[in-house]
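Worksheet for the structure shown next.
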Amino acid sequence: MSVEDEVFRIKKKMDKISTSSDGSGQDQALDLLKTLQTLNINLDILTKTRIGMTVNELRKSSKDDEVIALAKTLIKNWKRFLASPAPVTPNHNSAGKDGSSNSNSSAAKPSSAAKSSSSKDSKSGSSSSSKDKREEKKASSSQSSFPSGGMTDAVRLKCREMLATALKIGEVPEGCGEPEEMAAELEDAIYAEFKNTDMKYKNRIRSRVANLKDPKNPGLRGNFMCGAVTAKQLAKMTPEEMASDEMKKLREKFVKEAINDAQLATVQGTKTDLLKCAKCKKRNCTYNQLQTRSADEPMTTFVMCNECGNRWKFC
């Protein structure tokens, strides 16, 4: 069995030990780590098998001090492959000349070919690993790219990117602004209010992002993209103002039900249109008269508006 196959076999066993809920198998884990310590593992094998990640997971899940210490030692030794440059093989031509001048035996040629093959494998593994890292770095930078427009604040750029992503959900109506430009305008309006990127600023950004991404509230995004709602207006809107028409109707229904429930809980009085509510200015009231003071004093009149629920009293 090759070293690579042996490492794969050990990796499978370690995965089972790491995922076990009862934390058993620590003795077996220690034996597997000791076996890894004796194997001749190079960078190519580390890259293909990803045994380093498995050993690190075992270290995190284990409560055995000996297992943790040996895992740390292995990881530290393997990190040297990444920290140091790829091994440079000596000049085989000069070595061949020296070898031919010192000895003409044919037994030296297979040894030189084996060293050359090992060096090529090591270089190939190192080159493949560095190439993968460059591609991952390039992909991550392209995902977070956003037109800065001269902006250097990383927090504000990230907030603009979040707003632009929310504006791109669904189809963009024709004749409307570009999501990136609209996001920059909205972020500018929010920043102009707070003058910094503190927690209040971030909470305001999150609130706009959540409402713009809401699939049940496409009207808000469409109105903003088409200019019906300006960036300054959207920056200062309350959650009630940003809510969809369906949510506004639902809230209105709940308010009416709450008023009705409150009215049912009170003593039924006499309806009248002679009294005017100071709050809603309507003449739809119910009043009750109770003796709250001595018998020779006038009765106290308690009034409730049937429209808005406002209450007051007078003598």
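Quick note on numbering that gives the first Met the number 0: the sequence shown kicks off at 0 and runs consecutively.
Think of the CB as a built atom: it goes at the ideal place given N, C-alpha and C, for glycine as much as any other residue.
By DSSP, does residue i sit in helix, in strand, or in coil?
{"i": "Thr285", "result": "strand"}
{"i": "Arg292", "result": "coil"}
{"i": "Lys312", "result": "strand"}
{"i": "Thr53", "result": "helix"}
{"i": "Lys122", "result": "Only weak support is given to the placement of Lys122: the predicted model assigns it a pLDDT of 49, under 50, and the question is left unresolved by the model."}
{"i": "Cys307", "result": "coil"}
{"i": "Thr300", "result": "strand"}
{"i": "Thr151", "result": "coil"}
{"i": "Lys248", "result": "helix"}
{"i": "Lys270", "result": "strand"}
{"i": "Val2", "result": "helix"}
{"i": "Ala138", "result": "Unreliable positioning characterises Ala138 in this predicted model, as indicated by a pLDDT of 43, which lies under 50. The coordinate reading is nonetheless provided below. Ala138: helix per DSSP, three-state reduction."}
{"i": "Thr237", "result": "coil"}
{"i": "Lys197", "result": "The sequence shown places Asp at residue 197, not Lys. Coil, per DSSP."}
Check whether the Cβ atoms of residue i and residue j sit closer than 9 Å, and answer yes or no.
{"i": "Cys284", "j": "Asn305", "result": "yes"}
{"i": "Leu211", "j": "Leu166", "result": "yes"}
{"i": "Ile16", "j": "Leu57", "result": "yes"}
{"i": "Lys247", "j": "Glu239", "result": "yes"}
{"i": "Lys215", "j": "Glu170", "result": "no"}
{"i": "Leu233", "j": "Leu185", "result": "yes"}
{"i": "Ala227", "j": "Gly221", "result": "yes"}
{"i": "Met161", "j": "Met224", "result": "no"}
{"i": "Ala183", "j": "Arg159", "result": "yes"}
{"i": "Leu73", "j": "Gln27", "result": "no"}
Assuming residue i contacts residue j under a Cβ cut-off of 8 Å, what Cβ separation, rounded to an integer in Å, is found between them?
{"i": "Cys276", "j": "Thr299", "result": "No, Cys276 and Thr299 are not in contact; Cβ-Cβ is about 18 Å, not under 8 Å."}
{"i": "Thr48", "j": "Lys75", "result": "Incorrect: roughly 18 Å between the Cβ atoms, too far for contact."}
{"i": "Val6", "j": "Leu32", "result": "Contact doesn't hold; Cβ gap of about 12 Å is too wide."}
For residue i, is the classification buried or exposed, using 16 other Cβ atoms within 10 angstroms of its Cβ as the cut-off for buried?
{"i": "Phe80", "result": "buried"}
{"i": "Lys108", "result": "The predicted model places Lys108 with a pLDDT of 45, which falls under 50 and marks its position as unreliable, so this point remains unresolved."}
{"i": "Ala191", "result": "exposed"}
{"i": "Val254", "result": "exposed"}
{"i": "Met241", "result": "buried"}
{"i": "Met0", "result": "exposed"}
{"i": "Met198", "result": "exposed"}
{"i": "Val2", "result": "exposed"}
{"i": "Leu273", "result": "exposed"}
To the nearest angstrom, how far is the alpha carbon of residue i from that of residue j?
{"i": "Lys62", "j": "Asn55", "result": "13 Å"}
{"i": "Gln288", "j": "Thr271", "result": "13 Å"}
{"i": "Ile44", "j": "Val66", "result": "22 Å"}
{"i": "Met303", "j": "Ala294", "result": "24 Å"}
{"i": "Tyr286", "j": "Thr237", "result": "36 Å"}
{"i": "Lys235", "j": "Arg203", "result": "9 Å"}
{"i": "Cys279", "j": "Gly176", "result": "41 Å"}
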